[in-house]
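Student: Starting off with a structure, shown below.
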Amino acid sequence: MSVSEPLRLEPIPEWIRVRVTEGGNFKELKQVVQGRRLHTVCEEARCPNIFDCWNRRTATFMILGDVCTRACRFCAVTSGRPGELDLGEPGRVAESVAELGLKHAVITSVD
Numbered sequence: 000m001s002v003s004e005p006l007r008l009e010p011i012p013e014w015i016r017v018r019v020t021e022g023g024n025f026k027e028l029k030q031v032v033q034g035r036r037l038h039t040v041c042e043e044a045r046c047p048n049i050f051d052c053w054n055r056r057t058a059t060f061m062i063l064g065d066v067c068t069r070a071c072r073f074c075a076v077t078s079g080r081p082g083e084l085d086l087g088e089p090g091r092v093a094e095s096v097a098e099l100g101l102k103h104a105v106i107t108s109v110d
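Numbering that gives the first Met the number 0 numbers the first residue of the sequence shown as 0 and each following residue consecutively.
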């Protein structure tokens, strides 16, 4: 290929494409998270793997609110001054993990 030849883009192979599906597990997890006023990194950071993870019953919960004091350029989590602490949040996270029978749950906090 020479410099003057136009670059020919090939289509993405079928085996590498991701199928986005809102399965039953995804819908159940979303309903519980919204109903209990919880935050997840999956949603706040706009993770492209949310459908896959939630359908496999795994989630990353974010405690201490949904606003981070950092402003990382690579991250979609809202940055600014956090609001007041929600003292009931840890209990609601624990209840949600137990109710959903999650296979894997990560709990992290904003900075």
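Note that CB positions come from ideal geometry on N, CA and C, so glycine has one too.
What separation, rounded to the nearest whole angstrom, lies between the Cα atoms of residue 40 and residue 8?
Tutor: Cα to Cα, the separation comes out at about 34 angstroms.
Student: Secondary structure at residue 70, three-state DSSP: helix, strand or coil?
Tutor: Reduced to three states, the DSSP call for residue 70 is coil.
Student: Would you call residue 14 buried or exposed, if buried means 16 or more other Cβ atoms sit within 10 Å of its Cβ?
Tutor: Residue 14 comes out exposed.
Student: In terms of residue numbering, what span does the beta strand (DSSP E) encompassing residue 104 cover?
Tutor: Where residue 104 is concerned, the enclosing beta strand (DSSP E) stretches over 103–108.
Student: Does DSSP put residue 95 in a helix, a strand or coil?
Tutor: Here residue 95 sits in helix by DSSP.
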